[in-house]
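Mapped onto my numbering, the consecutive letters of the sequence shown carry residue numbers 1 to 320. We put the beta carbon where it would ideally sit given N, CA and C, even for glycine. The structure displayed is predicted, hence computed values, not measured ones. The structure appears below as structure tokens.
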Amino acid sequence: MNGLGFHLPGMFDKILDIDHCYLQRDPSNAIRLAVKKYALEHGMSFYNVREWEGLLRNIIIRTSRNGNLMLIVVFREETDKNEGLLAFLGEEFPEITSLMYVINDKKNDTINDLEVKLFAGEPFIVEEMIPPGNRKEPLTFRIGPTSFYQTNPEQAQKLYETAYGFAGFKGDEVVYDLYTGAGTIASFVAPSVKKVIGVEYVEEAVKDAYDNMELNGIANVEFYAGDLAKVLDEEFIGTHGKPDVVITDPPRAGMHEKVVRQILNAAPEKIVYVSCNPATQARDIALLHEKYDVLKVQPVDMFPQTHHVENVVLLKRRKH
């Protein structure tokens, strides 16, 4: 049976067909239903992950508080039918400000290593955040198709305010922002510190991060792309300066053990650990306990009506 919805828990090959999702903003539900209806009416095959066949793989919908809407349609291959679906969606939903597509013939769903092509509109959406401190203008972020940005922007404001408050900046710190994404946390803290060094795996995200620094008139931030387990070594720290504070916001898998060890070697006074997976966060904190004590813990409910939370932890280096 053809369906368009979400994976069933623990089942990579089973999809629960969804009529209405209460967690997504409008017009996400209408777009999803329109894609399914068009596909069925025009004989577009649905992807079978076990057989690695079928045309339509995924859709990705991203919205912002200021009304921007990005839609990415992921096809398995180039066909004449692709343009028809994209043109239909652009006409049916004029509120889409960024309409994009990807050709993914791999055996996994990641698109970070693939070209995301623009069909219509802008190659990004725009989000805003109220900065801490004395800055009056909001921070503006351009977010590309492969750049990470929190899916709940209202709670993202509270999340970053929590991380900022935990850090307790004095103004002269060198800060490492690990897994920086599009540079949102780096932008948030930069006006309050001496320098921020951001490191991110996705090269496109680093480009977005630099664009965002320029957009917001921030000059004391540098970004580097690469695998943190390889980038964050003694030579890197020697070149860019020993961090006084490390802010880390890794993916659900947490930090690679090599990254944890390198943080221990760098020995910043404080670590602010932001996590979407408290289990891997606890694992990493157990390793960091070699030199650090936990001073504060604050969960932030980023995903209402689910069991998921973001968790912010402040760790401080022991003096002896």
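Specify the secondary structure class of residue i as computed by DSSP and reduced to three states.
i, result
"I237", "helix"
"R318", "coil"
"F166", "helix"
"I125", "strand"
"N265", "helix"
"E154", "helix"
"E310", "strand"
"Y160", "helix"
Which residue or residues does DSSP assign as beta-bridge partners of residue i?
i, result
"D17", "G5"
"V35", "BP columns for V35 are empty, so no partner."
"L118", "M100"
"V259", "DSSP lists no partner for V259."
"R142", "V126"
If I'm right that residue i touches residue j with Cβ under 8 Å, what's the distance once you round it to whole angstroms?
i, j, result
"A34", "L89", "7 Å"
"N229", "V259", "Strictly speaking, residue 229 in this sequence is Ala, with Asn absent from that position. That belief holds up - the Cβ atoms of A229 and V259 are roughly 6 Å apart, short of 8 Å."
"I72", "Y101", "7 Å"
"R57", "D109", "7 Å"
"S64", "I125", "5 Å"
"A190", "A209", "About 11 Å separates the two Cβ atoms, so there is no contact after all."
"V300", "Q157", "The Cβ separation is near 10 Å, so there is no contact."
"V221", "G183", "7 Å"
"V96", "G121", "Per the sequence shown, residue 96 should be read as Ile rather than Val. 7 Å between Cβ atoms; contact."
"V74", "I111", "7 Å"
"V245", "P278", "Going by Cβ atoms, the distance from V245 to P278 rounds to 21 Å, so no, they are not a contact pair."
"K296", "R317", "No, K296 and R317 are not in contact; Cβ-Cβ is about 15 Å, not under 8 Å."
"F141", "E127", "5 Å"
"P250", "Y179", "5 Å"
"N311", "Q281", "6 Å"
"N152", "F303", "7 Å"
"D293", "M255", "Not a contact, Cβ separation roughly 18 Å."
Closest Cβ-Cβ distance between residue i and chain C: below 9 Å?
i, result
"A182", "This model lacks chain C altogether, as it is built from one protein chain only."
Inset, instruction - Determine contact between the stretch 202-210 and the stretch 269-278, defined as no fewer than three beta-carbon pairs at a distance below 8 Å. - result: No: fewer than three Cβ pairs fall under 8 Å.
Inset, instruction - Taking only runs that begin and end inside the stretch 23-109, name each unbroken alpha helix (DSSP H) of 4 or more residues, in chain order. - result: Counting whole runs of 4 or more residues, the stretch 23-109 contains the alpha helix (DSSP H) stretches 28-41, 80-92.
Inset, instruction - Evaluate the contact criterion for the stretch 20-38 versus the stretch 116-133: three or more CB pairs, one atom per stretch, below 8 Å. - result: Because the criterion of three Cβ pairs below 8 Å is not met, the stretch 20-38 and the stretch 116-133 do not touch.
Inset, instruction - Jot down the residue ranges of each uninterrupted beta strand (DSSP E) in the stretch 267-307, minimum 3 residues, whole runs only, in chain order. - result: Listed in chain order, the complete beta strand (DSSP E) runs (minimum 3 residues) inside the stretch 267-307 are 270-275, 292-300.
Legend entry - alpha helix (DSSP H) runs contained entirely in the stretch 171-247, provided each spans 4 or more residues: Fully enclosed alpha helix (DSSP H) runs of 4 or longer: 184-189, 203-215, 228-231, 234-240.
Legend entry - Touching by the beta-carbon criterion (3+ pairs, under 8 Å), the stretch 236-251 and the stretch 205-221: Not touching, per the Cβ criterion.
Legend entry - Three CB pairs or more closer than 8 Å across the stretch 73-81 and the stretch 127-134: The stretch 73-81 is not in contact with the stretch 127-134.
Inset, instruction - Inspect the CB distances between the stretch 223-237 and the stretch 147-165 and report whether three or more fall short of 8 Å. - result: Verdict: no, contact absent.
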